[in-house]
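Scroll down for the structure; my scribbles are underneath it.
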Amino acid sequence: AGLAGGMDPRLVVLSPGDGLHFATPGDTVTVHYTGTLDDGTVFDSSRGKQPFSFVQGTHSVIPCFEEAAGVMSPGESAELTCPAAYGYGDRQVGSIPPNSTLHFQLQLVKVEPPTFWSALMKASEQGMPALQQLMGAFGVGGAPPSAGPGA
Numbered sequence: 001a002g003l004a005g006g007m008d009p010r011l012v013v014l015s016p017g018d019g020l021h022f023a024t025p026g027d028t029v030t031v032h033y034t035g036t037l038d039d040g041t042v043f044d045s046s047r048g049k050q051p052f053s054f055v056q057g058t059h060s061v062i063p064c065f066e067e068a069a070g071v072m073s074p075g076e077s078a079e080l081t082c083p084a085a086y087g088y089g090d091r092q093v094g095s096i097p098p099n100s101t102l103h104f105q106l107q108l109v110k111v112e113p114p115t116f117w118s119a120l121m122k123a124s125e126q127g128m129p130a131l132q133q134l135m136g137a138f139g140v141g142g143a144p145p146s147a148g149p150g151a
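Under UniProt numbering, read the sequence shown as residues 1 to 151, first letter to last.
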């Protein structure tokens, strides 16, 4: 998998971003996009509306979007081509026919690290060591209370 070409998604940078910040799992990614089919039909766009946000690594968007978000930086604009396997595959979604290659004009607006609460929810799924590490990273609390003598 990658954004090189062939049957993989292809990303062509139109204007570079800051080159410093890249989305990692848990980050909130905000983009503006216009999606078109091979024939140029627009099937969706955030332009003229609020930008679209998603959490990187949660598989809440098509795989192509997550791959692109991981290699783009804020301010970057690109043309993204998504073969069907990285889009909706053999499913019809709205006006998008099955097995469609999707094309996006994509602008990465911003990448934000997880908030304390979203990080807490994720860490709670991973158990006490992850929670303790998170609490320390955010400077909250200390070591859990010990049983103490005679307990």
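C-beta atoms are modelled at their ideal positions from N, C-alpha and C, and glycine is treated no differently.
- Nearest Cα to V31 within the set I96, V61 and Q92: V61.
- Rounded to whole angstroms, the Cβ separation of E79 and L14 is 6 Å, and the two are in contact under 8 Å.
- In the structure shown, the three-state DSSP call for L120 is helix.
- The secondary-structure analysis by DSSP pairs E79 across a beta bridge with V12 and Q105.
- In this structure, the alpha-carbon of P74 lies about 14 Å from that of F65.
- When the beta-carbon positions are compared, G35 and E76 stay at least 7 Å from each other.
- When DSSP states are grouped into helix, strand and coil, F65 belongs to the helix group.
- For G35, the uninterrupted beta strand (DSSP E) run begins and ends at T28 to T36, by DSSP.
- In this structure, T81 and T58 do not form a Cβ contact; the two beta carbons are roughly 23 Å apart against a cut-off of 8 Å.
- G48 and Y33 have their C-alpha atoms some 10 Å from each other.
- When the Cα atoms are used, N99 and Q126 turn out to be separated by approximately 37 Å.
- With at least 16 other beta carbons inside 10 angstroms of its own, M72 counts as buried.
- In the DSSP secondary-structure assignment, S60 is not bridged to any residue.
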